[in-house]
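Notes follow the structure.
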Amino acid sequence: MGADLIRNGCTASRRRDVQNLHPRSRVHDLSRAFSVLGSYERHRCKHSLRQSAHTSLKHDLLFEKELSQMSSSGLLWSCASQESKPALLLLRKALVWPHPGAGQAFMLLWVSVLVLAPVSGKSAAAKPVISLHPPWTVVFTGETVTLTCHVLHFHAPEKIKRFLWYLEGRILRETPGNTLEVRDSGQYRCQTQDSLPSDHVSLIFSSANLILQAPPFVFEGDSVVLRCRANAEITLDTMTLHRWGKVLSVSDESSDFRIEQASLKDNGDYHCSGFKNGCCSYSSNMINIEVQELFPRPVLTASLSPTVSGKSVTLTCKTQLPPLRSDVKLWFRFFKDDHMLQLGLESSLKISTLTTRSRDPPYYWCEAQRGSSGVCKQSQKSQLRVQIPVSRPVLTLSPHGAPVPEGHTVTLTCKAESGSFPILYQFLREEVVIQKMEPTRGMKSVMSLRAEHSGNYYCTADNGLGAQRSLPVYLAVTVPVSRPVLTLSPRGALVPEGHTVTLSCKAERGSPRILYKFYHENISLGSRSVLSAGGMSLRVTVTVQDSGNYFCTADNGFGPQRSEAKSLSVKVPVSRPVLTVRTPRAQVVEGEVVELYCGAWKGSPPILYRFYHEDNALGSSRVYSRRGASFKLPLSAEHSGKYACEADNGLGARRSETVSLDVKVPASRPVLTVRTPRAQAVEGDVVELRCEAQRGSPPILYRFYREDNALGSSRVHSRGGASFKLPLSAEHSGKYACEADNGLGARRSETVSLDVTVPASRPVLTVRTPRAQAVEGDVVELRCEAQRGSPPILYRFYREDVPLESSSAPSGGGTSFYLSLTTEHSGNYSCEADNGLGAQRSEVVPLSVIVPASHPTLTLRAPGAQAKVGDMVELRCEAQRGSPPIWYWFYHEDVPLGNSSAPSGGGASLNLSLTAEHSGNYSCEADNGLGARRSEAVPLSMSGLTRSRSGPIATGVTGGLFSTLGFGVVALLLYCRLPRKAGGRPTSDPSRSPADSDVREPVYHNAPAWLELQPVYSNVNPKGGEVVYSEVRRIPQGSKPAANSDSVLGLLRTHLPSHGQAASHRPSDPPGSSVIYSQVKVACPSAYVAPQS
């Protein structure tokens, strides 16, 4: 029908019909016809239609003027292209730009706008953006902020003739340029003749003493500056930034606080506070910071190249920057199976598609990043398969064109002309999915629905290569308006004077356009016509005269509907009251009666007055006039403190400033208390002398005395008394007293006697053994002695905190305890001294009873029943008995293979990759420093020798053996060298065999892991005999001991002291070193004499 109207309008024979149409009808029918006319027909008819309009309607000024603007701007020509942007803007101009004299004719262009506006997805998001200079949303009153209206994307700056500015939704000013200076608080918007209104920017011009300034918008990765500013009359020493009420940063040098690389974790409510030393503190306004997403996660898409069809594909890394950050440069990286293909500002990459024929296609993905270290996001990984993307679908409605009555059935058909199957179709209304169909192998999908909602309907088709969306099709459903509902905000019938009340009127059902009107006691307040179902609001700043009943009406052409009335009562809030304390004399004395008077100079009665002492309620009084209220109070000492009053008339309680009241009371006789940490006063303890007067007005001066000699004094400005701490010695025994004075007469306490006693000191435990090492069967003496302490002293002996024996020393001194050793006696020993004033425990003395290692057992563990070349065999050596640490050696035909230590006992293993040369007898050796013991030989034979495997395996085994034996060879060299230097026999001496090892002569101890072992035994220097003293020390990283001829790698040292002079010949230790192994070899055991108790 619309197409026929335009075709007929292009002929001379139909010009009379066009001329006879009413202006509103012509605009409506013409706009509706544009929505259904084909692009070719619109292009063909553009000239004749324009001439017809100018000729036939030259006397209709409104229609002629607007049609001329549309024609001269190229509207009809642009209608030939669905992707044209000017078509969208010019049609929207007729709707949103206020034009003098346009009347209501252009409001009827809604139908054409709703049909044609969405032809370009980009146009729908084209809004100007307002920037601020300075870039703050909060400034001080009297300052100026410059607003700049930036036109984005395809708006040509030379075509923009005027800028329209809005404040709080009302037109503020029209300017030829894009800047505007403002000094008033509110929400600002800007608009050009070819654009939608911008998003609002809120400005606050504050008269506060301290404000927090922040930019209006924050995106991911931004460097945000928050400025805490005080007005020119205030100088602050310290400024603090808070988020969610918690301190975030403190600065005494700068008022700027920075948030580097902003992210979602920085969201929150911020405010700042300032402090001026010796004066006061200030708090700023609250600002909510919401970090917006800079760009969404990129999507990697692929499209066939038009130049080499079927042989190459263009990968595109798609994402979208917000208009406010359109100048941000994004870097794109393209990857193929974790290999980067391209890095740069280009968001596309052309690659060959030949690899998509492989059995396992590679994965492609991309990254988008702001700068070199900014926000970075990665797309999903995808495999390329050559398929045909689905074409853009076409949505058709049946019935077509005309509005549909509510409740009727409408059929929606979505059809895609091409694309690989299966195809998933979806139907949407106003961006909301209303039906998701099952994947189909057909080129179209059909659904039916009951007409309930007007709006734009779309459909999408997706076959996995990117969803395609149809052009919108508008469905008009006619519905009578329902009875509207009027709501008042804030809720409640009682509103304070001067507050803003928002009247909201909304009809839940009804076809637009809907005209809303507001009334106060049948007097019209205003009206507005809306095109959506969101209702309408009206803001009113109320006074006392605005009390009464309110209602609203809604009308969409089917008759007005009236809401229920809402009652509103406006009252004056109470002002802050003033508290006055009326006393009979200048100084307040206990026993007098004072009068508390509270009055508020403004507020609707009745007013309830409440009186408080230190936030504790004293009483209340309700007054039905503008007079204040009084409260009389007989004073006692407890009535000193801060007083306040509160006034409340139901619109919010207001509290007065506090008034201090000080009731003077003379100091009472103090009480002196001596607080000791135990029942008796012990030398070395710190006692507290506590002096307190139960009554008396502060400040009170307390003085402390011993035998009438002053010890010290303390002035206390609050209740609770004073303390004096005294470290005790034996001379502090005597009589003590204290004195309290608050200027109304000094009072002295009764005397308190103090006796000081001496506790036992920490004892020293000495373990006396008959030889250098404690061996099973020896008798050791445990000697415990405390150097100081009042007798008698009771001594107790412990092993691993388990009591062994106790003994008393009636006259002081120490005591001894003898113990015959077994292997179970290894452990930590200590003793305790107690003279009734607290037991004192000695330091722990470790005692280790050494047991020689037993014959070890060698076990060969192979992966199969028969060992083969290339197998990994585990050699396990374990001695069932012996004191750790135990050092294990592994041999193949008496040739060392490697060694390993068992610091905590048990066995050790060696893994061996077999070659043909590894057949033969294997054995192992265990040594814990008391003599090495050899296991029985275990034979090993192999099968499956192949030439291809022996070479690499032999090489691997040889390398492993050399790396394993490297450290063992160094240890053997050290062991062989040390005895020669000390005058002893070499290690190859046949007279020394494992069977001849004696527990009294430790031979050696290897430490393969220098940085992990701990000291085994303490160093002991016998009183006689030739001693070879060797130690291996841990050298921390970075330490470099001096090289000398008597050190090997700076780790092993040998000392040759004379008889009884071992300590004098010991060289200085490297700084920071610690002993990890030591031994003593006694050349002449007979010269050793066990110490006597």
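Numbering (this note's numbering) for the sequence shown: 49 to 1141.
No residue lacks a Cβ here, since even glycine has one placed at the ideal position from N, Cα and C.
- Among the bridge pairs identified by DSSP, His319 is matched with His290.
- Minimum Cα-Cα distance from Ile282 among the listed residues Gln261, Ser271 and Ser329 corresponds to Ser329.
- Beta-bridge partners assigned by DSSP to Thr721: Arg738.
- Contact between Val943 and Leu813 is absent: CB atoms are separated by about 49 angstroms, not below the 8 angstroms threshold.
- The alpha helix (DSSP H) runs of length 4 or more contained entirely in the segment 172-257 do not exist; there are none.
- Across the structure, Phe845 and Cys879 are spaced so that their CA atoms are roughly 4 angstroms apart.
- Between Gly875 and the set Thr863, Glu454, Asp849 and Cys327, the nearest pair of CA atoms involves Asp849.
- Residue state for Leu312 is assigned as helix, using DSSP reduced to three classes.
- In the DSSP assignment, Arg836 falls outside any beta strand (DSSP E) and carries neither an H nor an E.
- Residues Glu736, Leu737, Arg738, Cys739 and Ser762 of the same chain have their beta carbon placed closer than 8 angstroms to that of Ser771, with the five preceding and five following residues left out of the count.
- For the pair Lys492 and Lys463, the CB atoms are nearer than the 8 angstroms cut-off.
- Counting every other CB atom within 10 Å of its CB across the protein chains shown gives Gly558 a total of 16 or more, marking it as buried.
- In the structure shown, the three-state DSSP call for Glu829 is strand.
- By the Cβ-count criterion, Gln261 is buried, with 16 or more other Cβ atoms from all chains shown falling within 10 Å of its own Cβ.
- Between Val273 and Arg306 the beta-carbon gap is near 6 angstroms, inside 8 angstroms, which marks them as a contact.
- If you draw a straight line from the Cα of His501 to the Cα of Val452, it comes to about 10 angstroms.
- Taking 8 angstroms as the cut-off, the Cβ atoms of Glu941 and Gly968 count as close.
- Only residues of its own chain outside the window of five on either side were considered, and among them Pro538, Thr589 and Val590 have a CB closer than 8 angstroms to the CB of His547, listed in chain order.
- DSSP, read as helix, strand or coil, puts Ala778 in helix.
- When C-beta atoms of the segment 308-315 are compared with those of the segment 374-393, fewer than three pairs fall below 8 angstroms, so the two segments do not count as touching.
- Taking the Cβ atoms as the reference, Val438 lies roughly 28 angstroms from Leu369, outside the contact range of under 8 angstroms.
- Going by beta carbons, Tyr505 and Phe475 fall inside the 8 angstroms limit.
- Between the alpha carbons of Tyr877 and Val823 lies a gap of roughly 16 angstroms.
- The secondary-structure analysis by DSSP pairs Gln417 across a beta bridge with Trp379 and Cys424.
- Here the alpha carbons of Leu774 and Pro858 stand approximately 31 angstroms from one another.
- Between the segment 656-668 and the segment 608-617, the count of Cβ pairs shorter than 8 angstroms is below three; the stretches do not touch.
- Put simply, of Thr240, Leu342, Gly467 and Ser777 the residue whose alpha carbon is nearest the alpha carbon of Ala509 is Gly467.
- For Met485, no beta strand (DSSP E) segment is defined, and its DSSP state is neither H nor E.
- With fewer than 16 other beta carbons inside 10 angstroms of its own, Ala794 counts as exposed.
- Assigned with DSSP and collapsed to three states, Val438 falls in coil, not helix or strand.
- Your pair Ser254 and Phe188 checks out as a contact, with CB atoms roughly 6 angstroms apart and the cut at 8 angstroms.
- Across the set Gly190, Val230, Glu191 and Arg237, the C-alpha of Arg237 shows the shortest separation from the C-alpha of Trp213.
- If the five residues before and after Val636 are omitted, its C-beta is found closer than 8 angstroms to the C-beta atoms of Val642, Leu683, Leu709, Asp710, Val711 and Lys712, all from its own chain and listed in chain order.
- If you look at Phe566, you'll find it in the beta strand (DSSP E) that goes Ile562 to His568.
- Exposed is the label assigned to Asp375, since fewer than 16 other Cβ atoms lie within 10 Å of its Cβ.
- Contact check between the segment 441-448 and the segment 287-307: fewer than three CB pairs, one atom from each, fall below 8 angstroms, which does not count as touching.
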